[in-house]
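Below you'll find the structure, written out as structure tokens, and then a few comments.
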Amino acid sequence: MSAEKFHVLASCSTSKARTGVLSLLHSDVETPIFMPVGTKGCMKGVLPEQLEQLNVQILLGNTYHLGLKPGPELLIKSGGLHKFMNWKRSILTDSGGFQMVSLLKLAEITEEGVQFESTYSSPASFASQKRSRSKKGSLTEPEPVVSDDETPPGAAKERLVLTPEKSMEIQNAIGADIIMQLDDVVSSTTTGPRVEEAMHRSVRWLQRCNEAHSRKSEQCLFPIVQGGLDTNLRRECITEMTKQQQQSVGFAIGGLSGGEEKSSFWKMVDVSTDHLPASKPRYVMGVGYAEDLVVCCALGADMFDCVFPTRTARFGCALVNTGQLNLRLKIYSKDFAPIDPNCVCLTCQKYTRAYLHHIVTDLPTSARLMSIHNIAYQMNLMRQIRESIKSGRFPEFVLNFMEERYPNGSAPAWIVDALATVNIRIHQQKPQHTPPHDDAADDADVHVIKHLKAGDR
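Here the sequence shown is numbered in the UniProt record's numbering, starting from 1 and rising by one per residue.
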């Protein structure tokens with residue numbers, strides 16, 4: 001696919017923020033953009049047509065889960081995931097490696113691929129460890145299996161392997177507009193030789209992914225920059241990957257949002273955007289908090305994804321500019337205001353906080369209404385960011401946003417430092433403790449509640 005698919009429309013003269021359009025097979029995508037996560041090809045409680053009404057331009061699907069069920073064979077027969085789920089706009093799929101490292105009992109990472117034990121009977125979409133390589137280096141087809149039901153108690157769990165070639169095969173079958181290379185994923189808090197090993201292996205696997213990618217004219221393959229919290233490794237990874245992928249439409253910044261200090265998180269984003277090609281979109285994986293989105297946009301990032309908005313909705317939390325409203329709390333039982341009087345989503349137009357508090361334990365209904373609002377909030381935030389960049393008001397927007405979120409100079413030090421790096425200076429009354437960059441849960445009885453992304457970005 002041509003490298004001229006991304007066009008920068010306007011750039012902030014103060015910071016590194018920019019807005020543009022990424023032209024994909026199914027739709028144009030305006031950046032900066034947040035991508036809601038529909039892990040298995042659906043958004044829990046929200047229909048595709050409702051996502052269109054919320055102006056969701058691109059969804060994220062999960063290669064690991066879609067590869068297990070429905071599987072690539074059925075997806076090919078259905079004409080790809082777009083037709084299967086009746087979604088006419090763009091889709092991005094991750095490579096599947098992150099889920100196996102975070103969700104499953106990892107057996108081993110070798111040069112061949114990611115070997116793991118599955119909780120399911122061996123699916124035809126993944127190769128067994130016993131398979132041999134063909135002359136081209138890919139794995140031969142696995143033998144068919146009867147079912148992908150969970151392994152019966154006491155039964156031996158088969159060791160499976162996901163290779164770069166197999167990841168491309170599954171993603172080609174899914175048919176997403178943007179597909180991701182299989183990378184060697186390590187925890188963001190890992191240090192030592194393992195980080196460098198993972199970076200170099202990710203570079204080698206990128207070459208194998210590129211060779212196995214069979215739909216280059218239709219699907220954009222994004223490399224994933226690794227290197228942990230080491231700026232030198234990040235720079236080296238970018239250098240090697242840009243050599244390989246000169247025609248790449250965009251690049252992802254991976255290996256973050258996994259427990260590292262936010263002071264380290266923003267510096268890795270900053271060094272990555274400094275060295276990645278300015279003509280390509282930069283996708284920071286696993287970012288969903290509003291303040292993180294604003295800061296990363298200021299640092300020059302363009303694309304983001306996270307399960308946070310919909311997952312926190314299922315916990316009864318609504319996103320607002322001041323943080324989150326935990327509608328499980330009794331203080332909302334007689335609050336007849338909408339979640340956000342300025343929000344035009346169906347939930348805010350038709351239902352009060354009191355009603356949502358009343359039904360919050362009725363998970364299917366409350367999760368649906370809360371998810372609609374939280375997705376609307378994210379979409380509106382990104383729209384405001386784009387408009388402020390176009391109008392030359394992005395620094396003003398950032399200052400107003402941070403003052404509302406952190407009144408009286410209470411912004412965390414990491415935000416102050418990150419924004420100062422790009423010449424946006426916000427007032428800070430006193431030093432704040434910087435927590436690790438992980439969506440770990442606080443007590444459910446407080447206003448601001450954060451939830452672990454347990455296994456999917």
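Idealized CB from N, CA, C, for every residue including glycine.
Whole-angstrom Cβ separation of residue i and residue j, contact assumed at under 8 Å?
i           : j    : result
K5          : V249 : 5 Å
S82         : I76  : The sequence shown places His at residue 82, not Ser. Contact doesn't hold; Cβ gap of about 13 Å is too wide.
M35         : S95  : With 8 Å as the limit, M35 and S95 do not qualify as a contact, their Cβ atoms being about 15 Å apart.
M268        : L229 : 6 Å
G227        : G255 : 7 Å
A413        : Q428 : 7 Å
R353        : A337 : 6 Å
R405        : T322 : 6 Å
R282        : A367 : Not a contact, Cβ separation roughly 32 Å.
C12         : F394 : 4 Å
H213        : M168 : 5 Å
I238        : L276 : 6 Å
G113        : P164 : 7 Å
D177        : C220 : 7 Å
residue 458 : N172 : Outside the displayed span of the chain (1 to 457) sits residue 458, for which this structure offers no information.
K40         : L66  : 7 Å
residue 470 : I174 : Missing from the structure shown is residue 470; the chain here goes from 1 to 457 and no further.
Three-state secondary structure (DSSP) at residue i?
i    : result
M285 : coil
H7   : strand
D305 : strand
I389 : helix
V186 : coil
I426 : coil
I359 : helix
I339 : coil
M199 : helix
L256 : coil
S366 : helix
E143 : Only weak support is given to the placement of E143: the predicted model assigns it a pLDDT of 38, under 50, and the value that follows is read from those uncertain coordinates. Coil, per DSSP.
S167 : helix
V378 : In the sequence on display, residue 378 carries Gln and not Val. Helix, per DSSP.
Q247 : coil
S13  : coil
T191 : coil
K135 : At K135 the pLDDT is 40, less than 50, meaning the model places this residue with poor confidence; the figure from the coordinates comes in the next sentence. Coil, per DSSP.
K130 : With a pLDDT of only 43 at K130, under the threshold of 50, the placement of this residue in the model should not be trusted, and no figure is reported.
In terms of residues, what are the limits of the alpha helix (DSSP H) holding residue i?
i    : result
M402 : F394 to R405
K267 : K262 to H275
K280 : K280 -> no alpha helix (DSSP H), and no H or E assigned at all.
L419 : A413 to T421
T347 : L346 to K350
A290 : A290 to A298
For residue i, list the residues DSSP reports as bridge partners.
i    : result
N408 : Note: N408 sits in no beta bridge, so no partner.
C317 : N326
M180 : F222
For the beta strand (DSSP E) containing residue i, list its first residue and its last residue.
i    : result
D335 : Careful: D335 lies outside any beta strand (DSSP E) and carries neither H nor E.
R159 : R159 to L162
A252 : F251 to I253
* Write down every uninterrupted run of the alpha helix (DSSP H) in the UniProt domain "tRNA-guanine(15) transglycosylase-like" (15-128) whose length is 4 residues or greater and which is fully enclosed by it, in chain order. => As far as the UniProt domain "tRNA-guanine(15) transglycosylase-like" (15-128) is concerned, its whole alpha helix (DSSP H) runs of at least 4 residues are 48-53, 63-68, 72-78, 81-85 and 97-103.
* Asked: Taking only runs of the beta strand (DSSP E) that begin and end inside the stretch 203-239, which ones reach a length of at least 3 residues, in chain order?
  -> 220-222
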